[in-house]
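K.L.:
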Amino acid sequence: MGSITEQVDNIPTYPPSLQVPSVQEMVLKDPLEVPERYIRNEEEMQTKTDSSHLSSQVPVIDLSLLSNGDKEELMKFELACEEWGFFQVVNHGVAIEVLQAMKDASNEFFELPLEEKNKIAMPPNDMQGYGHAYVVSEEQTLDWSDTLIMLVYPSRFRNAKIWPTETKGFKESIETYSTELKRVAEELLCSLSLIMGMDKSALLELHKELVQALRVNYYPPCRTPDKVLGISPHSDTSTITILMQDGDVTGLQIRHQGGWVPVKPIPNALVVNVGDVTEILSNGKYKSIEHRAVTNESKIRLSFASFFIPLDEVEIEPLNHFLDSDSLPMYKKVKYGDYMRQSMKMKHDGKAHTRMAKTEF
Ligand code: OGA
Ligand code: NI
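Residue numbers for the sequence shown follow UniProt numbering, beginning at 1 and rising by one.
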């Protein structure tokens with residue numbers, strides 16, 4: 001009997017975000033209104049450092065070649081991780097129907113009336129559910145987006161209270177999509193282990209169990225896209241993140257050589273980025289890259305981020321073989337659960353949250 005309660009009590013929770021209005025609802029009521037608390041200054045928008053001409057250089061990796069041990073593709077992968085920290089993956093083997101079902105069900109969910117979506121609103125003590133993430137003060141500038149966040153794997157971590165039931169087939173779509181993405185992530189982590197000079201299975205073993213969280217981002221259109229941001233600049237606290245972009249609306253921008261490079265959606269490709277855990281393990285060789293999302297004047301944009309992370313108890317620090325006599329550890333040992341929860345108590349502010357793991361000289 002007690003085991004049911006225990007299981008419910010043992011599912012992870014995360015530092016909550018302050019409650020703020022649904023942006024989607026605001027735009028529905030008055031598409032012209034852009035309240036003050038969403039408006040960014042010119043410095044934050046950084047429109048002057050436009051690096052869109054570099055878009056076509058964002059690496060593209062063929063996962064079937066990579067997973068089959070193709071040496072050339074592994075070299076491309078290593079270059080993509082070291083020089084860009086971001087790349088698109090094609091030939092990943094995930095059926096288009098699976099990708100489409102996830103997009104359709106999510107669109108349907110966000111089209112529900114607010115009261116329906118609020119049935120799985122983030123509770124006051126957790127960052128999982130429908131709402132907003134990383135809002136920690138009434139003063140901070142808000143992102144022009146709404147979000148749905150949940151732990152998907154391991155399945156015993158799922159919080160049934162915030163899993164969507166109103167939209168027919170949404171649960172199943174999340175499940176199928178996430179199972180496929182887990183396979184893609186495992187293949188990528190094998191190759192990442194190899195370029196990090198380890199056995200194929202080393203990174204997966206280091207995670208103890210691969211934890212997978214899903215964040216569905218909904219970016220309503222904004223009449224003044226040059227004054228707001230869909231998601232503030234940040235790096236991900238994950239080991240790797242896999243992002244699916246919906247449709248042909250470009251929104252994601254990555255920090256590269258001081259400018260912002262848009263990642264143009266390739267139909268059915270997945271966008272992958274190196275997260276903080278990989279940066280720490282490699283003592284800064286493979287950096288987690290800052291990214292942000294801009295909004296669009298007329299089109300809604302959805303994106304689906306799957307974060308692959310270790311169990312809370314796993315301790316992260318630079319691996320021995322990344323430290324030689326002249327490279328001091330840039331990071332100290334941190335418990336992953338502490339690192340992630342600490343970062344959730346801060347607003348998204350570039351890589352400011354990584355400071356807690358940095359060594360001081
Ligand atoms: C995220 C993220 C980018 C996007 O959810 O962490 O960076 O394009 N999303 O939505
Ligand atoms: Ni991100």
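Using N, Cα and C, we set each Cβ at its ideal position, and we do this for glycine too.
Just to check my reading of the structure: L181 and I240 have Cβ atoms closer than 8 Å, yes? What is that Cβ distance to the nearest angstrom?
P.N.:
By one-based count along the sequence shown, residue 181 stands at place 181. By one-based count along the sequence shown, residue 240 stands at place 240. Actually they are not in contact, since the Cβ atoms of L181 and I240 sit about 11 Å apart, beyond 8 Å.
K.L.:
In chain order, what residues of the same chain lie with their CB nearer than 6 Å to the CB of T250, ignoring the 5 residues before and after it?
P.N.:
Indexing the sequence shown from 1 puts residue 250 at position 250. Same-chain partners within the cutoff: P262, K264.
K.L.:
Which word fits H132, buried or exposed, when buried means at least 16 other C-beta atoms lie within 10 angstroms of its C-beta?
P.N.:
Working through the sequence shown from its first residue, we reach residue 132 at position 132. When all chains shown are included, H132 counts as buried.
K.L.:
Indicate the three-state DSSP secondary structure (helix, strand or coil) for G131 in the structure shown.
P.N.:
Walking along the sequence shown from the start, residue 131 turns up at place 131. The answer is strand: DSSP assigns G131 an E or B state.
K.L.:
Counting Cβ pairs closer than 8 Å, one from the stretch 120 to 137 and one from the stretch 162 to 171, do we hit at least three?
P.N.:
yes
K.L.:
When DSSP labels each residue in this structure, what does K333 get in the three-state scheme?
P.N.:
For the purposes of this step, residue 333 is taken as residue 333 along the sequence shown, with counting starting at 1. Residue state, collapsed to three classes: coil.
K.L.:
Taking 8 Å as the threshold (C-beta atoms), are I316 and I280 in contact?
P.N.:
Against the sequence shown, residue 280 aligns to sequence position 280. Against the sequence shown, residue 316 aligns to sequence position 316. Yes, the Cβ-Cβ distance between I280 and I316 is below 8 Å.
K.L.:
Output needed for L63: all residues of its chain with C-beta closer than 6 Å, excluding positions within five of it in sequence on either side, in chain order.
P.N.:
Here residue 63 refers to the residue found at position 63 of the sequence shown. Contacts found: V89, N91, H92.
K.L.:
Taking C-beta to C-beta, are K287 and V274 nearer than 8 Å?
P.N.:
The count along the sequence shown starts at 1 and reaches residue 287 at position 287. The count along the sequence shown starts at 1 and reaches residue 274 at position 274. Going by C-beta atoms, K287 is nearer than 8 Å to V274.
K.L.:
Quick one: Cα of E25 to Cα of Y218, how far?
P.N.:
Walking along the sequence shown from the start, residue 25 turns up at place 25. Walking along the sequence shown from the start, residue 218 turns up at place 218. One C-alpha to the other measures close to 12 Å.
K.L.:
In chain order, which continuous runs of the alpha helix (DSSP H) of length 4 or greater are located wholly inside the UniProt domain "Fe2OG dioxygenase" (209 to 310)?
P.N.:
276 to 281
K.L.:
Less than 8 Å separating the beta-carbons of T359 and K335?
P.N.:
As a position in the sequence shown, residue 359 is number 359, starting the count at 1. As a position in the sequence shown, residue 335 is number 335, starting the count at 1. No; because the gap between Cβ atoms is not below 8 Å, this pair is not in contact.
K.L.:
Pull up the distance between the alpha-carbon of P59 and that of E73, whole angstroms please.
P.N.:
Here the question's residue 59 lines up with position 59 in the sequence shown. Here the question's residue 73 lines up with position 73 in the sequence shown. P59 and E73: Cα-Cα distance of roughly 11 Å.
K.L.:
When you compare the CB positions of E297 and P221, do they come within less than 8 Å of one another, or not?
P.N.:
Locating residue 297 in the sequence shown gives position 297, where the first residue counts as 1. Locating residue 221 in the sequence shown gives position 221, where the first residue counts as 1. Taking 8 Å as the Cβ cut-off, E297 and P221 qualify as a contacting pair.
K.L.:
Using the Cα positions of L243 and P329, report the straight-line distance between them to the nearest angstrom.
P.N.:
Position 243 of the sequence shown, counting from 1, holds the residue named residue 243. Position 329 of the sequence shown, counting from 1, holds the residue named residue 329. One alpha carbon belongs to L243, the other to P329, and they sit about 30 Å apart.
K.L.:
So, S55 versus E187, is the Cβ gap smaller than 8 Å?
P.N.:
Indexing the sequence shown from 1 puts residue 55 at position 55. Indexing the sequence shown from 1 puts residue 187 at position 187. No; because the gap between Cβ atoms is not below 8 Å, this pair is not in contact.
K.L.:
Would you call the stretch 196 to 216 in contact with the stretch 139 to 149, where contact means no fewer than 3 C-beta pairs closer than 8 Å?
P.N.:
yes
K.L.:
In angstroms with no decimal places, state the Cα-to-Cα distance between E172 and K29.
P.N.:
Residue numbering aside, residue 172 sits at position 172 when the sequence shown is read from its first letter. Residue numbering aside, residue 29 sits at position 29 when the sequence shown is read from its first letter. Rounded to the nearest angstrom, the two C-alpha atoms are 32 Å apart.
K.L.:
Check G2 in the structure and name its three-state DSSP category.
P.N.:
In the sequence shown, counting from the first residue as 1, residue 2 sits at position 2. For G2, the predicted structure reports a pLDDT of 39, less than 50, and the residue's modelled location is therefore unreliable. The matter cannot be settled from this model.
K.L.:
When you measure from the CB of H353 to every non-hydrogen atom of the ligand NI, does any distance come out below 7 Å?
P.N.:
Taking the sequence shown and counting its residues from 1, the one referred to as residue 353 is at position 353. Checking the 7 Å criterion, the Cβ of H353 is out of range of every heavy atom belonging to the ligand NI.
K.L.:
Less than 8 Å between the CB atoms is what I'm expecting for P16 and N125, so what's the real figure, rounded?
P.N.:
For the purposes of this step, residue 16 is identified with residue 16 of the sequence shown, where counting begins at 1. For the purposes of this step, residue 125 is identified with residue 125 of the sequence shown, where counting begins at 1. Right, their Cβ atoms sit about 6 Å apart.
K.L.:
Quick check on this structure: which residue in E116, E209, M356, I289 has the alpha carbon closest to the alpha carbon of D312?
P.N.:
Here the question's residue 312 lines up with position 312 in the sequence shown. It is E209.
K.L.:
Put Y14 into one of helix, strand or coil per three-state DSSP.
P.N.:
Residue mapping note: residue 14 aligns to position 14 of the sequence shown, counting from 1. Coil.
K.L.:
Of the choices A95, D236, L142, whose alpha-carbon is the least far from that of R183?
P.N.:
Here residue 183 refers to the residue found at position 183 when the sequence shown is read from its first residue. The candidate whose alpha carbon is nearest that of R183 is A95.
K.L.:
Which same chain residues, not among the five before or five after T224, have their C-beta less than 6 Å away from its C-beta?
P.N.:
Translated into the one-based positions of the sequence shown, residue 224 becomes position 224. Closer than 6 Å at Cβ, skipping near neighbours: V34.
K.L.:
When the Cα atoms are used, what is the spatial distance from Y130 to S325?
P.N.:
Taking the first residue of the sequence shown as position 1, residue 130 is located at position 130. Taking the first residue of the sequence shown as position 1, residue 325 is located at position 325. Taking the Cα positions, Y130 is about 48 Å away from S325.
K.L.:
Strictly by DSSP, which residues pair up with T147?
P.N.:
Stepping through the sequence shown from its first residue, residue 147 is reached at position 147. According to DSSP, T147 bridges with G131, N217.
K.L.:
Restricting to Cα atoms, I'd like to know which of L32, V98, S145, K71 is closest to V23.
P.N.:
By 1-based counting over the sequence shown, the position of residue 23 is 23. Residue S145 is the option with its Cα nearest to V23.
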